Each structure stands twice: as C-alpha cells, then as structure tokens.
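Take 18 as the starting number for the sequence shown in the numbering used here and just add one per residue.
C-beta: ideal position from N, C-alpha, C; glycine also.
Given the structure is predicted, the values throughout are model-derived calculations rather than measurements.
Take a look at the structure set out below.
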Amino acid sequence: TNSPPESPSALSSSVNTGDGIDYSQHKRQNIGDLIQETLEMFERYGGEDAFINIKYMVPTYESCMLN
C-alpha cells in the first residue's frame, strides 16, 4: 500500500539498497530528499510564518532552523 504524502515513511530520505548503490542520489531523483530540501528552503526563505504554514500542510515536518 502507498503511504499518504505527509507520512514519515513517504518523506524518509534513507533508501535501503543493501549492497547496491543508490544512483538516484547523484541524479537528484530521490523524491523524499527533494521534498525535504524544498520544505527546508520554504522554511528558510518563506518569511516568519513559513514554518507554521508548512506544519499545517505537513504535520510530520520538523523545523530545520533548530539545528
């Protein structure tokens, strides 16, 4: 079954490839990584209400500004 877009498993950036190589990293095709990067850019450059708006739409999102 597919996870809803906001679920942690759908946004997970870790891919279990076993002994293989994840070539999507090099090509920037890992959708979870791209979503996370996009949300972080929205938070950093989207103004003072960016985080609360992201959190409203993606309840599992955690702030990148605290790190």
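For this session: Would you tell me roughly how many angstroms separate the C-alpha atoms of Ile48 and Gly64, rounded to the nearest one?
Result: Cα to Cα, Ile48 sits roughly 25 Å from Gly64.
Problem set entry | Residue from Gln46, Ile52, Arg61 and Leu51 whose Cα sits closest to the Cα of Leu83 | Arg61 is the residue among Gln46, Ile52, Arg61 and Leu51 whose C-alpha sits nearest the C-alpha of Leu83.
Problem set entry | Residue ranges of each alpha helix (DSSP H) within the region 39-84, 4 or longer | Qualifying alpha helix (DSSP H) stretches, in chain order: 41-44, 48-62 and 67-74.
Exercise. Who are the near neighbours of Ile71 in its chain, counting only those whose CB is closer than 7 Å to its CB and skipping five residues on each side?
Worked result: The residues are Leu56, Phe59, Glu60 and Tyr78.
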